[in-house]
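Take 5 as the starting number for the sequence shown in our numbering and just add one per residue.
Cβ coordinates follow ideal geometry from the N, Cα and C atoms, glycine included.
Quick caveat, the model's predicted, so the values are computed rather than measured.
Single-structure report; data block below.
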Amino acid sequence: MKKILIFGCGAMGGAILSGCLAKGLWKKEEIYVKEHSEEASREKASRYGVHASMDGREAKEADLVILAVKPNVVPGVLQEISRYHPSRVLSIAAAVTLASLEGALPEETEVIRVMPNTPASVGEGMAAIAPGKKASPDFIREAEEIFSALGKEAVVTERQLDELGALSGAGPGYAFVIIDALADAGVLIGLPRKLAIEAAAQTLYGAAKMVLETGKHPAELRDQVTSPGGTTIAGIHAMERDGIRAALMDGVKACLEKSDAMAGK
Ligand SMILES: NC(=O)c1ccc[n+]([C@@H]2O[C@H](COP(=O)([O-])OP(=O)(O)OC[C@H]3O[C@@H](n4cnc5c(N)ncnc54)[C@H](OP(=O)(O)O)[C@@H]3O)[C@@H](O)[C@H]2O)c1
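As structure tokens, this is what we get:
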């Protein structure tokens with residue numbers, strides 16, 4: 005039987021755990037969760053029907069240790085698990101580099117960094133996977149298996165992982181703002197709020213699905229819905245004049261700059 009130890013079972017740790025359990029990738033009896041206190045570990049364990057780890061000692065025989073705590077908590081957790089010489093560590097902490105993870109863990113520990121996003125909780129996540137120097141092909145395959153069960157994934161360089169962090173890691177935040185703004189627009193022109201939110205969300209979802217399923221460039225799909233002198237191009241013209249494209253580009257760039265600054269780059 006496998007043994008998996010998860011440090012931090014909050015929004016992302018919980019999404020990974022529930023997603024892998026739902027997809028049958030993991031069995032409940034294989035999982036241990038460790039929170040900042042024994043009481044919190046017990047509470048999270050009973051919520052998911054898995055084991056609670058009292059002191060992280062399962063890191064010793066665990067096949068996989070997942071770090072899903074906030075970045076500022078990572079150094080303490082690395083210190084906690086190093087003495088158990090964990091075989092494989094997968095970290096999803098933003099701005100915590102492979103070099104710092106590998107530097108704090110024993111020489112032989114295989115390390116992988118992943119940048120997931122919260123739609124993983126509904127099976128539609130996007131995860132960037134950056135293998136460390138010692139990560140074996142088998143460990144990389146395991147990471148791909150976990151994150152493809154939770155949506156889509158791509159194995160990338162560490163720099164691309166940071167860049168994807170600013171695009172897809174933080175992306176649900178941007179998307180929620182866009183959905184909310186479109187719903188506001190619906191209310192402005194007379195629609196009830198609930199219907200406007202549903203229509204905005206379903207429209208973005210459907211458009212995204214068309215891009216993914218047809219493989220067509222988004223500009224080609226846009227051309228198909230903009231008849232000459234028509235209503236849709238009039239709407240796009242107003243949005244372009246107000247800088248929608250530059251606002252999105254500036255936002256992603258600002259996010260990457262902030263993440264670089266946090267990582268001391
Ligand atoms: N959320 C996202 O969209 C997202 C996307 C990509 C990457 N990430 C990364 O995922 C990591 C987790 O983020 P999150 O949003 O899931 O945060 P979160 O919801 O706050 O979850 C963190 C969990 O860790 C627990 N914790 C705190 N100290 C601990 C300790 N010493 N040992 C074990 N557990 C401890 C927290 O408990 P308490 O709440 O009781 O403190 C909480 O349950 C972060 O490093 C973040 O950069 C998040």
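Within 7 Å: the Cβ of residue i and any heavy atom of ligand 1?
i      : result
His40  : yes
Thr101 : no
Gly175 : no
Thr218 : no
Pro75  : yes
Thr122 : yes
Ala267 : no
Ile35  : no
His24  : The sequence given here has Cys at residue 24, not His. Result no, Cβ not under 7 Å from ligand 1.
Phe11  : yes
When burial is assigned at 16 or more other CB atoms within 10 Å of the CB, is residue i buried or exposed?
i      : result
Ser95  : buried
Pro196 : exposed
Arg92  : buried
Arg117 : buried
Leu216 : exposed
Ala63  : buried
Gly17  : buried
Phe151 : buried
Asn76  : exposed
Glu43  : exposed
Glu149 : exposed
Pro222 : exposed
From residue i to residue j, what does the alpha carbon distance come to, in whole angstroms?
i      : j      : result
Asp142 : Thr113 : 14 Å
Ala72  : Ala49  : 15 Å
Tyr178 : Met253 : 11 Å
Pro110 : His241 : 57 Å
Lys38  : Ile70  : 10 Å
Thr230 : Ile182 : 21 Å
Arg226 : Gly234 : 13 Å
Asp264 : Leu171 : 14 Å
Gly127 : Glu261 : 29 Å
Gly60  : Gln83  : 11 Å
Lys27  : His89  : 29 Å
Ala238 : Ala132 : 37 Å
Cys24  : Glu146 : 12 Å
Lys220 : Ala158 : 19 Å
Tell me, to the nearest whole angstrom, how far the beta carbon of residue i is from that of residue j; I am working on the premise that it is less than 8 Å.
i      : j      : result
Ala267 : Thr101 : 6 Å
Ile20  : Leu154 : 7 Å
Val78  : Ala97  : 5 Å
Gly190 : Ala200 : 3 Å
Taking 8 Å as the cut-off, does the region 23-38 touch the region 53-72 (at least 3 CB pairs, one atom from each stretch)?
Three or more pairs of CB atoms, one per stretch, sit closer than 8 Å, so the region 53-72 contacts the region 23-38.
Does the contact criterion of 3 or more C-beta pairs under 8 Å hold for the region 197-210 versus the region 153-170?
No, because fewer than three Cβ pairs between the region 197-210 and the region 153-170 fall closer than 8 Å, the two stretches do not touch.
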